[in-house]
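The block underneath contains the structure these notes are about, expressed in structure tokens.
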Amino acid sequence: MCLAIPGKIRSIEQTEGLIRRAKVVFGSIVKEAYLDMIPQAKEGDYVLVHAGVAINLVNEEEALKTFAHLQAYGGLEDLLPEEGIGG
Amino acid sequence: MKYLKEYRDPELVEKYLQEIEKVTTRPWVLMEFCGGQTHSLVKNGLIQILPEKIRMVHGPGCPVCVTPLGVIDQALQLAFKEDVILCSFGDMLRVPGTEKSLLQAKAEGAEVRFFYSPMEAVQLARDNPHKEVVFFAVGFETTAPANALSVLHARQYGLTNYSLLTSHVLVPPAMRAILEDEESHIDGFLGAGNVCSVMGLEDYAPIVQEYHIPIVVTGFEPVDLLQGILMLIVQLERGEARLENQYSRVVPYEGNPSARAVIAEVFEPTHQEWRGIGVMPGSGLKMRKAFAAYDANVKFGLAPRVIPDSQECIAGEILRGHKKPLDCPHFGKKCTPLNPLGAPMVSSEGACAAYYHLMAEVEGA
Ligand code: SF4
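Those protein sequences? They're chains G and B, same order as listed. All residue numbers in the first sequence are consecutive under my numbering, ending with 73. All residue numbers in the second sequence are consecutive under my numbering, ending with 377.
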């Protein structure tokens, strides 16, 4: 659960005060993530997402490389829905 | 055992291995702090292909593994309360408390949910105004921004039914404790890249100075790890101790100042118990008084409980780098991932589980 997963911001949906919610694409999975801590992030940017919150920007090349690594070595379980872990 | 060609960058892996061989003249003990790195080192077979002179010991950087028994029992106690929905990360579900795990509690009818993000728990609280939603917030500095932000969102939504049961741990104070421990003879640290992408490198500079020990902040892919190890060995062989950043393409020196600000707004440092290790000063985060309304400890009047660990499990010695999983007599016998005696067998980032899966692969191959 310590590994942040890089994804691409598809859309920024809503802004309530400081709350910025985005749809972020991780390979074939789309998840909600909050951009509150990266005010400069915009659509098309790559972000490192951890526990549903973007913690930093990352460049595209790095994002794609890291994602491929996580995919190959089983680092994406965190993104799967609850049923995936037998709960 | 991996063959070089199986790596995504076999030439780079080979190049770093050769470099490491070339510069290493003496035995060195290195600790990778982060459980994600342990997982990668073991799973990718790097510990087997490194020169014998280099001994990797595995650090306590697995939040699931170090969450104290007493706190897990508190989570269980809340889960069985009539009006409470207890939520946490999926990694926590099988971690054994004194009597049972959250998964067993769920099977017995407690309301327990597992989420990818605490933000989902905030949404659950909005949808269930008559229930108390408690998020069991464990983790290192990487997870702290999300947990802190969930509280700020709950406040913004005006929620009065959302709270955190925290068990947060911090890397730098734990590094200090390991260095103070006379039985751990660590020559150099691989720092945790993801943690530093939030917190930056600042806190590590004084450790390097005071203990004259090199720290290289490193990513978690095989090539990152090998490069980080090489950077450590080069320093050690030259008698140097510097703070270096192998992962600078992801980790800026200052980390993410907005994330640090959010953490500092909601949390403050506290003496924290680490399962298997004990209490380390300033090594955790608790909620500030201003956020007492969102603090499950305050809200439910939870009494602190320190419960001694099982005598059988040697997790403490493993987490401090004294022993390795294979030194444990219960490894793979009485203790397996489906039936864990101790937390390092539960999480895939735990050292015992990492070795277990590796051995299973080797045997199955
Ligand atoms: S193998 Fe099991 S009992 Fe032994 S140290 Fe690891 S978790 Fe504890």
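Glycine included, C-beta positions come from ideal geometry on N, C-alpha and C.
Member of B:T155, B:Y169, B:L191 and B:F201 whose CA lies at the smallest distance from the CA of B:S8: As shown, chain B starts at 13 and ends at 377. That puts residue 8 of chain B outside it, with no answer to give.
Using a Cβ-based criterion (distance less than 8 Å to any ligand heavy atom), does B:E324 qualify as near the ligand SF4? Here residue 324 of chain B refers to the residue found at position 312 when the second sequence is read from its first residue. The answer is yes for B:E324.
So what's B:V235 in DSSP terms, helix, strand or just coil? To locate residue 235 of chain B, count along the second sequence from 1; it is residue 223. Looking at B:V235 - three-state DSSP - the assignment turns out to be helix.
How would you list, in chain order, the residues of chain B whose beta-carbon sits under 7 Å from the beta-carbon of G:Y20? Here residue 20 of chain G corresponds to residue number 34 of the first sequence, with the count starting at 1. Near G:Y20 (Cβ distances below 7 Å), the residues of chain B are M131 and L161.
Listed in chain order, which residues of the stretch 253 to 268 of chain B have Cβ atoms closer than 7 Å to some Cβ of chain G? R261, V262 and N268
Cβ of B:N351 less than 9 Å from any chain D Cβ? In the displayed structure, chain D is absent; the protein chains listed are G and B.
Is B:C74 near the ligand SF4, with its Cβ less than 8 Å from a heavy atom? Position 62 of the second sequence holds residue 74 of chain B. Every heavy atom of the ligand SF4 is 8 Å or more from the Cβ of B:C74, so no.
Using a Cβ-based criterion (distance less than 8 Å to any ligand heavy atom), does B:L353 qualify as near the ligand SF4? Start at 1 with the first residue of the second sequence, and residue 353 of chain B comes out as number 341. True, at least one ligand heavy atom lies under 8 Å from that Cβ.
Taking 8 Å as the cut-off, is the CB of B:P356 close to at least one heavy atom of the ligand SF4? Here residue 356 of chain B refers to the residue found at position 344 when the second sequence is read from its first residue. True, at least one ligand heavy atom lies under 8 Å from that Cβ.
So within the stretch 37 to 79 of chain B, which uninterrupted beta strand (DSSP E) runs reach at least 3 residues, ignoring any that extend past its ends? Runs found: 40 to 46 and 66 to 73.
Please tell me whether B:R106 and B:P356 are closer than 9 Å, where the distance is taken between their beta carbons. Taking the first residue of the second sequence as position 1, residue 106 of chain B is located at position 94. Taking the first residue of the second sequence as position 1, residue 356 of chain B is located at position 344. Cβ distance not < 9 Å, so B:R106 and B:P356 don't count as in contact.
Taking C-beta to C-beta, are B:W286 and B:V181 nearer than 9 Å? For the purposes of this step, residue 286 of chain B is identified with residue 274 of the second sequence, where counting begins at 1. For the purposes of this step, residue 181 of chain B is identified with residue 169 of the second sequence, where counting begins at 1. Cβ distance < 9 Å, so B:W286 and B:V181 count as in contact.
For B:K298, count the other beta carbons within 10 Å of its own beta carbon; 16 or more makes it buried, fewer makes it exposed. Which is it? Mapped onto the second sequence, residue 298 of chain B falls at position 286. Buried: at least 16 other Cβ atoms inside 10 Å.
Could you check if B:H342 belongs to the surroundings of the ligand SF4, using beta carbon to heavy atom distance under 8 Å? The count along the second sequence starts at 1 and reaches residue 342 of chain B at position 330. Checking the Cβ of B:H342 against the ligand SF4 gives yes.
Tell me which residues of the stretch 20 to 49 of chain G have at least one Cβ-Cβ distance to chain B shorter than 8 Å, keeping chain order. Y20, D22, M23, I24, P25, L34, H36, A37, G38, V39, I41, N42, V44, N45 and E48
Just the C-alpha distance for G:P(-8) and B:S129, rounded to the nearest angstrom, thanks. As a first step, residue -8 of chain G must be located in the first sequence, where it is residue number 6. As a first step, residue 129 of chain B must be located in the second sequence, where it is residue number 117. Distance from the CA atom of G:P(-8) to the CA atom of B:S129, rounded to whole angstroms, is 15 Å.
Tell me whether G:S14 is buried or exposed, calling it buried when 16 or more other Cβ atoms sit within 10 Å of its Cβ. What you label residue 14 of chain G is simply residue 28 of the first sequence in a count that begins at 1. Exposed: under 16 other Cβ atoms inside 10 Å.
Strictly under 9 Å for the Cβ-Cβ distance: is G:A54 near chain B by that measure? Within the first sequence, the letter at position 68 stands for residue 54 of chain G. Output row for G:A54: interface = yes.
Beta-carbon separation of B:F126 and B:F92 under 9 Å? To locate residue 126 of chain B, count along the second sequence from 1; it is residue 114. To locate residue 92 of chain B, count along the second sequence from 1; it is residue 80. No.
Report buried or exposed for B:E373, applying the criterion of at least 16 other Cβ atoms within 10 angstroms of its Cβ. As a first step, residue 373 of chain B must be located in the second sequence, where it is residue number 361. With fewer than 16 Cβ atoms within 10 Å of its Cβ, B:E373 is classed as exposed.
Contact list for G:A(-10) against chain B, beta-carbon separation under 8 Å: For the purposes of this step, residue -10 of chain G is taken as the residue at position 4 of the first sequence. The answer, in chain order, is T154, N206 and S209.
How would you call B:N56, buried or exposed, if buried means at least 16 neighbouring beta carbons within 10 angstroms? By one-based count along the second sequence, residue 56 of chain B stands at place 44. B:N56 comes out buried.
Heavy atom of the ligand SF4 within 8 Å of B:G362 beta-carbon: Counting from 1 along the second sequence, the entry for residue 362 of chain B is found at position 350. B:G362: yes, Cβ under 8 Å from the ligand SF4.
Assuming B:S52 and B:L237 form a contact by the criterion Cβ under 8 Å, report the distance between their Cβ atoms to the nearest whole angstrom. Against the second sequence, residue 52 of chain B aligns to sequence position 40. Against the second sequence, residue 237 of chain B aligns to sequence position 225. Yes, they are in contact, since the Cβ atoms of B:S52 and B:L237 sit about 6 Å apart, within 8 Å.
Candidates B:A304, B:Q239 and B:A186, of which the one nearest B:P75 by Cα: Your numbering for residue 75 of chain B matches position 63 in the second sequence. With distances taken between Cα atoms, B:P75 lies closest to B:A186.
Just list the alpha helix (DSSP H) runs in the stretch 81 to 114 of chain B, keeping only unbroken ones of 4 residues or longer that don't cross its boundaries, in chain order. Fully enclosed alpha helix (DSSP H) runs of 4 or longer: 81 to 91.
At the level of alpha carbons, what is the spacing between B:C99 and B:H70? Residue 99 of chain B sits at position 87 when you count from the first residue of the second sequence. Residue 70 of chain B sits at position 58 when you count from the first residue of the second sequence. Using only the alpha carbons, I get a separation of about 29 Å.
Separation of B:P316 from B:K345, as counted between CA atoms: Taking the first residue of the second sequence as 1, we reach residue 345 of chain B at position 333. Taking the first residue of the second sequence as 1, we reach residue 316 of chain B at position 304. Each residue's Cα considered, the two are about 33 Å apart.
Let me check one thing: in DSSP terms, what residues is B:I219 bridge-paired to? Position 207 of the second sequence, counted from the first residue, corresponds to residue 219 of chain B. Among the bridge pairs identified by DSSP, B:I219 is matched with none.
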